[in-house]
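Read the sequence shown against numbering that gives the first Met the number 0 and you will find it ends at 288, with the numbers running on by one and no gaps.
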Amino acid sequence: MQQEEIQQLIQKAIGVLAQLEAWLPPAPQAIDWNAKAFRWRKKGGTAWLEAIKVIDTIKEDNLLHITQQKQAIDTNTRFFLQGKPANNILMTGARGTGKSSLVKAMLTKYASAGLRLIEVDKSDLGDLSDIIDLISHRPERFIIFCDDLSFDEGEVSYKALKSALDGSIATRSENVLIYATSNRRHLMPEYMRENLSTHHQADGEIHPGEAIEEKISLSERFGLWLAFYPFKQEDYLAIVDYWLNTLGCPQEYIEESHTEALQWAIQRGSRSGRVARHFASDWTARHID
Numbered sequence: 000m001q002q003e004e005i006q007q008l009i010q011k012a013i014g015v016l017a018q019l020e021a022w023l024p025p026a027p028q029a030i031d032w033n034a035k036a037f038r039w040r041k042k043g044g045t046a047w048l049e050a051i052k053v054i055d056t057i058k059e060d061n062l063l064h065i066t067q068q069k070q071a072i073d074t075n076t077r078f079f080l081q082g083k084p085a086n087n088i089l090m091t092g093a094r095g096t097g098k099s100s101l102v103k104a105m106l107t108k109y110a111s112a113g114l115r116l117i118e119v120d121k122s123d124l125g126d127l128s129d130i131i132d133l134i135s136h137r138p139e140r141f142i143i144f145c146d147d148l149s150f151d152e153g154e155v156s157y158k159a160l161k162s163a164l165d166g167s168i169a170t171r172s173e174n175v176l177i178y179a180t181s182n183r184r185h186l187m188p189e190y191m192r193e194n195l196s197t198h199h200q201a202d203g204e205i206h207p208g209e210a211i212e213e214k215i216s217l218s219e220r221f222g223l224w225l226a227f228y229p230f231k232q233e234d235y236l237a238i239v240d241y242w243l244n245t246l247g248c249p250q251e252y253i254e255e256s257h258t259e260a261l262q263w264a265i266q267r268g269s270r271s272g273r274v275a276r277h278f279a280s281d282w283t284a285r286h287i288d
């Protein structure tokens, strides 16, 4: 075989390999264990922990009028870092009241003590066991964070979450906790028809139907529940004032803002910390030179 023919065969082989490579899943990226926060990413048949380079930093002091919730999550997180027994946490209630911000505040406060955060989307909950296996040998302490968690009728991905929380034959990893936020207390839709299967014993004992039991069993696997409620008007205005001051709004314009701040909340149908911060950003931008 002549040299020219050999070169042609090599070029054809290179072309075939390039086509095959396009169909193969990408190689998993090396994990940057120096990062403080991660996101579980998937592409094709490959999944990996992606380091988050720019973290949304928030402090506990930025979160007002949720003192009890702050104390509870701080105590649980501190026990976790100390190697003491600690609970998985489910935070439920009104939107924009600081649920996810509290988790970020824990990372801000305790990252230097070895705390790390991993964001996992609901669609990737089936990978929880793989994530836990990946980090179980690490010296850091990891919070797996599932934000705005809820399940629609017919979804089965919640079963992986149930197993990770409590129910797998494998023992729980000592360096992993799961913190989740949701607007639903039991994470799944509830219907009036499900109550029809509830029955009562002669002694008055109530036995919920199987559908209700299934939904309650998921949320009950979180050891700690924290409830969040809409803010009272005066609390909402206090949060507005806090963010106006923080953002550098001139003092003479702060008291003038209250009427429009209330109108802003009415338009959005919520008096929450998130709404207060959005209003403060808008008001400050319009009144600062």
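Glycine residues also receive a C-beta, built at the ideal position from the N, C-alpha and C atoms. Model, not experiment: these values are computed from the prediction.
**OP:** Run the CB neighbour count on residue 92, radius 10 Å, all protein chains shown included, and call it buried at 16 or more, exposed below.
**Re:** buried
Original post:
Which runs of the beta strand (DSSP E) spanning at least 3 residues fall entirely within the region 33 to 111, listed in chain order?
Top reply: 36 to 42, 45 to 50 and 88 to 92
Original post:
What residue does the beta strand (DSSP E) around residue 118 start on, and which one ends it?
Top reply: 114 to 118
**OP:** Name, in chain order, the residues that DSSP records as bridge partners for residue 140.
**Re:** 114
Original post:
What are the boundary residues of the beta strand (DSSP E) that residue 237 is part of?
Top reply: Element bounds for residue 237: not the beta strand (DSSP E) but the alpha helix (DSSP H), 232 to 245.
Original post:
What three-state label does DSSP hand residue 177 in the structure shown?
Top reply: strand
**OP:** Quickly, what does DSSP pair residue 223 with across the bridge? List them, please.
**Re:** As DSSP reads the structure, residue 223 sits in a beta bridge with 88.
Original post:
In terms of DSSP beta bridges, what is residue 145 paired with?
Top reply: 179
Original post:
Should residue 33 be flagged as near chain C, meaning a C-beta pair shorter than 8 angstroms?
Top reply: You won't find chain C in this structure, because it holds only one protein chain.
Original post:
Measuring CA to CA, which of 144, 175 and 284 is closest to residue 99?
Top reply: 144
**OP:** Would you decide whether residue 32 is buried or exposed? Buried here means 16 or more other CB atoms lie within 10 Å of its CB.
**Re:** exposed
**OP:** For residue 31, name the three-state secondary structure that DSSP assigns.
**Re:** coil
Subject >> Straight-line Cα distance separating residue 106 from residue 53 >> reply: 13 angstroms
**OP:** Give the straight-line distance between the Cα atoms of residue 225 and residue 65, rounded to the nearest whole angstrom.
**Re:** 10 angstroms
Original post:
In this structure, does DSSP put residue 131 in helix, strand or coil?
Top reply: helix
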